[in-house]
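Engineer:
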Amino acid sequence: MEFTFGIISSGLIDPLILESIYNQNIPKGEIIIVGGQVPMGRYPNLFHIPFNETIKRGWITRKKNIITKHARYDNIVYMHDYIFLGKGWYEGYKNFGDNFDICMNVILNNDGSRYRDWCIWDEG
Numbered sequence: 001m002e003f004t005f006g007i008i009s010s011g012l013i014d015p016l017i018l019e020s021i022y023n024q025n026i027p028k029g030e031i032i033i034v035g036g037q038v039p040m041g042r043y044p045n046l047f048h049i050p051f052n053e054t055i056k057r058g059w060i061t062r063k064k065n066i067i068t069k070h071a072r073y074d075n076i077v078y079m080h081d082y083i084f085l086g087k088g089w090y091e092g093y094k095n096f097g098d099n100f101d102i103c104m105n106v107i108l109n110n111d112g113s114r115y116r117d118w119c120i121w122d123e124g
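When we follow my numbering, the leftmost residue of the sequence shown carries the number 1, and every step to the right adds one.
(1) Going by DSSP, what residue range makes up the beta strand (DSSP E) through residue 2?
(2) Mapping the DSSP letters down to three states, classify residue 87 as helix, strand or coil.
(3) Whole angstroms is fine: what's the gap from residue 99's alpha carbon to residue 74's?
(4) With C-beta atoms as the reference, is residue 34 less than 8 Å away from residue 69?
(5) Under the three-state reduction of DSSP, which class applies to residue 65: helix, strand or coil?
Given below as structure tokens:
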């Protein structure tokens, strides 16, 4: 399976986030960071696209569209700059397969409780 990891940011990317992706040992993958700053170091298959935050602060939808436009692979993982991949993430996807239109992972807080992975705000 091939993956594009699209990281949406407005700050400095934590190197541990990048390590959590690289540690999956995905044979074909890339990382696209839109906005923010990439930490010092050598990161293979990582592309940084600067973003002018003064146009519209926190313009997440635009950043996702930029990721989609530049992605090499059909499986795109959109991530905020505070999300880490757990051990075995890629192995789980190999077992699950790639016959899906959309897929969502469970997101856990540091204490193991569920974060807002699938959510909706009903303002009515």
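Note that the Cβ used here is the ideal one computed from N, Cα and C, for glycine as well.
Structural biologist: Checking against the coordinates, here is how it stands:
(1) Taken as a continuous stretch (DSSP letters only), the beta strand (DSSP E) holding residue 2 covers 2-8.
(2) When DSSP states are grouped into helix, strand and coil, residue 87 belongs to the coil group.
(3) For residue 99 and residue 74, the distance between alpha carbons rounds to 11 Å.
(4) If you check the CB distance, residue 34 and residue 69 do not come in under 8 Å.
(5) Correct three-state label for residue 65: helix.
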